[in-house]
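*Asks:* In the working numbering, the protein residues as written are 1135 to 1337.
One structure, pasted below without further comment.
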Ligand code: ZN
C-alpha cells in the first residue's frame, strides 16, 4: 500500500474521494453545468504519488486535501488531481465512467498533511514554473468540507486514513515534461505548508 505522511507517521489511505465541480469559476471554465448535488469520483491507493510521471494530454488540478480519522478531518494538505482531459471529455460525451482519465496509477500527487483544528480560512495557491496559475479558498467552494465529510461517509463510508480532494479552482491546464509545481496551503493568510513536485519524463 502507498502512504501519505501525517505528523511524521505514514498513513495508508484505502481511497481518495474527489469532488468534481466544487468551484463555480472552474465549472464555467470547462463549460459544465452547476451540479444540484456533488459530483464524486474515487482514486485507488495505487494512484498516490509524490511526483508527476509525464504522459500525453496530462492536466493539473490543484486542490486542498483533507485527511480523515474517526470520521472527521484531522489534517489538511495540497495535491494535484491529475487528469487526462481529452480522455475525460470523450468518456463524458459517451456517458461513461471517468476512471481511465482520473484514477490511473500516479494520478493523485499528494503533499504531507498538517494537523488542523478547523477548515475555516484554508486557501491554496498553485505555481507552475514560478507562475501563479491557480488560487482558491474554502469560501469559494459550493460544498464545504464539513458537508462533504458527512455526505461522503453516508454514501461511500470513510475509513481512517482516507483522503478527500476538495475540487479545483479555475486555472487548470496542461503539464509539460520537467514542469515544476509549488503548492502553498495557508489558513487566514498564515502559511501552513509548501509542497514542491516535478514532472518526470518517463521515457
Ligand atoms: Zn479535481
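Cβ atoms here follow ideal geometry from the backbone N, Cα and C, with glycine treated the same way.
Note that this is a predicted model, so its numbers are computed, not measured.
1) Determine the direct distance from the alpha carbon of residue 1241 to that of residue 1178, and round the result to whole angstroms.
2) In whole angstroms, give me the CA-to-CA distance for residue 1268 and residue 1306.
3) Is the closest heavy atom of ligand 1 to the C-beta of residue 1215 under 7 Å?
4) Which runs of the beta strand (DSSP E) at least 3 residues long sit entirely within the stretch 1245-1270? Give them in chain order.
5) Is the stretch 1302-1319 touching the stretch 1248-1267 in the sense that three or more CB pairs, one from each, lie closer than 8 Å?
6) Rounded to the nearest angstrom, what separates residue 1161 and residue 1203 at their Cα positions?
7) How many Å lie between residue 1288 and residue 1147 at the Cα?
8) For ligand 1, any of its heavy atoms closer than 7 Å to the Cβ of residue 1350?
9) Looking at C-alpha atoms only, which residue of 1280, 1316, 1228 and 1292 is the closest neighbour of residue 1265?
*Replies:* The relevant details are as follows:
1) 9 Å
2) 7 Å
3) yes
4) Within the stretch 1245-1270, complete beta strand (DSSP E) segments of at least 3 residues are found at 1256-1262, given in chain order.
5) yes
6) Residue 1161 and residue 1203 have their C-alpha atoms some 30 Å from each other.
7) 18 Å
8) Because the chain is modelled from 1135 through 1337, residue 1350 falls outside the range shown and cannot be assessed.
9) 1316
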